[in-house]
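Remarks on the structure that follows.
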Amino acid sequence: MAPPARTKDRIIAEGRGFWTITNKTFRRNQAGARETVLLEPDKGYTSDFDPGGQGSFLTSYFEWYFPLTHASSSHTRTFLPTHVSMECVGSGAELLVPAVSDVIFKYTWLIEKYAKRIKKKEFHDSPSFDYNVNDIKTCWNLSVRYWKGPEGRRLTNPVVLCLNLLSCSVEEPRQIKIRFQFGVFNAEVKQWELCNVSRTVLNLQSSTDMLSVGHRDLSILGRHEQPGGDVAVFVKLQLIHTETEKNSLSQDMARLLKDGSGSDIVVTCDGGQEFAAHTNILSARSSVLAMMINRQDDRTRLDLEGVTGEVLQELLRYIYTDHVDNSDTLAPLLIATGERFGLPGLKILCERTLTETITQENVASLLLLADQFGCDQLKRAALAYCEENATGIHKSLAWKVMEMVNPDLFLEACEVGLGSSASSNLDSIHSDNDLVGL
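Using the working numbering, the letters of the sequence shown correspond one by one to residues 137 to 574.
Below, the structure written as structure tokens:
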């Protein structure tokens, strides 16, 4: 995709401040400082819109995720993923990508003067936003609804945050998996509080009928109100429908794995579960598995010690179809499994999942995981998170473990991300009593 050629194209990149774009250069103004981010070669974007106005922040906006390279006078460092936010104006733009599932869409809704609004209205709907990727054109919105108590009175906490599909246009009906995640901004610590990732399956077809795709109970408390009384919530949305799924190869391979037709080997794991498989497929996908099979006297059985049944099921699913279904819960284990059996693609899939779940509580653990298994993308994202959220990160057991077992990584996190602003949080970890017994 070619980078933009017109200076009137305006993009806001959220992550390391708010950025604007002129031709091929992103610039940021924050606290009087100006820095530059350059698009990587051949990794730009297409835009087909002409937003008006010069405001740096709208009440609603959406984001596409792209790789960016940060350049300064002292160093150049690439962060993946970094999000690029396109202002939500009119019908938006259509993004062309190799696979629909490569795109993660984020929409942020700023509910102005929230406390006053909930007293006046029975419900609240966000402006609509478009998610147009390849030949899938969809229109969505968020809404807030309320539960009622035993006496029929409206309850203001928790509220129900809903994701609604307003309309859809596709060339032909298809089944598609949807992953979405809600979040609410904590104004006290200036961090997003994330809900668990949800999944659903839709039979997508052209329609203008509204469909509620999913909802979550969400408590909106005093810490979520910004100085003016505004509350910000977001949804991250991913449509999972790759070209291989569309053309049926992945589905055919999944059927072959499930049916076990023509299988010539049984793969076992901890707990004694057995899965029928095909030697030629295992060997073609993993040179490590091929070597293990060839070294055995009995080539009709393969015992994978240290692998649980649910991990083995996802491992085989990836080997046969290039996909995993439960990366949200199994990503760390699958990264270790991908490293063990020489499957870099499996690691990359799980890295993508983990980069979307980085929080103050898990960033240290994810840094350790990324460094241990050579997950460069995840490591860069975690270090970037440290830089963005230095004041909110406090000492934890994972940071203490990191300083003891991997002091170089701990130092890198302090120098690149945390710096002096968080020194009081992390520098004193040697003396804590809870180090005893580690």
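Yeah, the Cβ is synthetic: ideal placement off N, Cα and C, and Gly gets one too.
From the options, residue whose alpha carbon lies closest to that of residue i
{"i": "residue 344", "options": "297, 457, 302", "result": "302"}
{"i": "residue 242", "options": "306, 330, 254", "result": "330"}
{"i": "residue 443", "options": "291, 475, 512, 541", "result": "475"}
{"i": "residue 402", "options": "436, 430, 421, 418", "result": "436"}
{"i": "residue 497", "options": "484, 479, 509, 536", "result": "536"}
{"i": "residue 512", "options": "532, 485, 529, 524", "result": "485"}
{"i": "residue 491", "options": "543, 514, 428, 365", "result": "514"}
{"i": "residue 315", "options": "452, 265, 417, 493", "result": "493"}
{"i": "residue 348", "options": "287, 252, 279", "result": "279"}
{"i": "residue 308", "options": "271, 283, 285", "result": "271"}
{"i": "residue 372", "options": "350, 289, 543, 441", "result": "350"}
{"i": "residue 506", "options": "532, 545, 479", "result": "545"}
{"i": "residue 525", "options": "328, 283, 311", "result": "328"}
{"i": "residue 244", "options": "256, 254, 253, 261", "result": "261"}
{"i": "residue 499", "options": "533, 374, 477, 255", "result": "533"}
{"i": "residue 529", "options": "495, 393, 281", "result": "495"}
{"i": "residue 334", "options": "341, 353, 551", "result": "353"}
{"i": "residue 257", "options": "281, 452, 539", "result": "281"}
{"i": "residue 276", "options": "305, 252, 259", "result": "305"}
Residue range of the unbroken alpha helix (DSSP H) whose run includes residue i
{"i": "residue 419", "result": "415 to 421"}
{"i": "residue 514", "result": "512 to 524"}
{"i": "residue 385", "result": "385 to 395"}
{"i": "residue 445", "result": "445 to 457"}
{"i": "residue 499", "result": "499 to 509"}
{"i": "residue 545", "result": "543 to 549"}
Distance between beta carbons of residue j and residue i, contact taken as under 8 Å
{"i": "residue 461", "j": "residue 450", "result": "7 Å"}
{"i": "residue 386", "j": "residue 457", "result": "5 Å"}
{"i": "residue 478", "j": "residue 445", "result": "21 Å between Cβ atoms; not a contact."}
{"i": "residue 413", "j": "residue 419", "result": "No, residue 413 and residue 419 are not in contact; Cβ-Cβ is about 10 Å, not under 8 Å."}
{"i": "residue 318", "j": "residue 297", "result": "5 Å"}
Contacting residues, own chain, Cβ-Cβ under 6 Å from residue i (five flanking each side not counted)
{"i": "residue 293", "result": "355"}
{"i": "residue 326", "result": "none"}
{"i": "residue 455", "result": "421"}
{"i": "residue 283", "result": "291"}
{"i": "residue 580", "result": "Residue 580 falls outside the range modelled here, since the chain spans only 137 to 574, and no answer is possible."}
{"i": "residue 509", "result": "471, 475"}
{"i": "residue 424", "result": "477, 478"}
{"i": "residue 341", "result": "309"}
Opening and closing residue of the beta strand (DSSP E) in which residue i lies
{"i": "residue 291", "result": "290 to 305"}
{"i": "residue 244", "result": "241 to 247"}
{"i": "residue 494", "result": "Careful: residue 494 lies outside any beta strand (DSSP E) and carries neither H nor E."}
{"i": "residue 252", "result": "Looking at the DSSP string, residue 252 is not in any beta strand (DSSP E); the run it does join, the alpha helix (DSSP H), is 250 to 256."}
{"i": "residue 474", "result": "Note, residue 474: premise wrong, no beta strand (DSSP E); alpha helix (DSSP H) at 463 to 476."}
{"i": "residue 406", "result": "Here residue 406 belongs to no beta strand (DSSP E), and DSSP marks it neither H nor E."}
{"i": "residue 266", "result": "265 to 269"}
{"i": "residue 273", "result": "272 to 284"}
{"i": "residue 439", "result": "437 to 440"}
Own chain, CB closer than 8 Å to residue i, minus 5 neighbours either side, in chain order
{"i": "residue 447", "result": "405, 466, 469, 470, 473"}
{"i": "residue 169", "result": "Any reading at residue 169 is ruled out, since the residue's pLDDT is 34, under 50, leaving its predicted position unreliable."}
{"i": "residue 367", "result": "246, 247, 250, 320, 321, 356, 360, 361"}
{"i": "residue 323", "result": "359, 360, 361, 362, 363"}
{"i": "residue 543", "result": "none"}
Closer than 8 Å to chain C by CB, residue i
{"i": "residue 269", "result": "No chain C appears in the structure shown, which is made up of a single protein chain."}
Which residues DSSP lists as bridging residue i, in chain order
{"i": "residue 319", "result": "330, 370"}
{"i": "residue 412", "result": "402"}
{"i": "residue 336", "result": "314"}
{"i": "residue 343", "result": "304"}
{"i": "residue 433", "result": "Answer by DSSP bridge pairing: none, since residue 433 is not bridged."}
{"i": "residue 350", "result": "299"}
{"i": "residue 376", "result": "313"}
{"i": "residue 260", "result": "280"}
Cβ-based neighbour list, residue i, same chain, cut-off 7 Å, excluding 5 preceding and 5 following
{"i": "residue 549", "result": "503, 519, 522"}
{"i": "residue 389", "result": "456, 457"}
{"i": "residue 167", "result": "In this prediction, residue 167 scores a pLDDT of 33, lower than 50, which makes its location untrustworthy; no coordinate-derived value is stated."}
Residue i CB to nearest heavy atom of the ligand PLP below 7 Å
{"i": "residue 427", "result": "The ligand PLP is not part of this structure, which contains no ligands at all."}
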